[in-house]
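Remarks on the structure that follows.
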Amino acid sequence: TYDNGKEFSYHADVSATLEAQGFFAHPYHSWERGLNENSNGLLRQYFPKGVSLASVTQDEIIAAMCRLNWRPRKCLGFKTPYEVFLEDANTQGLGVAL
């Protein structure tokens, strides 16, 4: 789901490369991008609103990413995003190992 920012001007190329469809949310309709909004909330646990991302180190970003990817999610049947990714990758024959 895209918002209406100029950073998505190449949305057609991204969709074609990923062989996936995308759509644009309406302005000021954040509920149309529920996953994005939920992810932003999770990230705010590590980087509160008002914290300048310029002051965040690469190590801090990687640590937050690892914690979030290893956190079980109800919507994934209480599996972690990492587990679901590995299962899908191995189903696709990509041979990703733990």
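Numbering (the UniProt record's numbering), first residue to last: 1 to 98.
Beta carbons are placed, not taken as given, at the ideal position from N, Cα and C, and that holds for glycine.
Taken in chain order, the complete alpha helix (DSSP H) segments of 4 or more residues contained in the stretch 22-76 are 34-44 and 58-69. Non-local beta-carbon contacts of Tyr82 in its own chain, meaning distances under 7 Å to residues more than five positions away in sequence, involve Asn69 and Trp70 in chain order. Around Ser30, the same chain offers Glu37 as residues with beta carbons nearer than 7 Å, after the five sequence neighbours per side are excluded. Contact between Ala25 and Tyr46 is absent: CB atoms are separated by about 25 Å, not below the 8 Å threshold.
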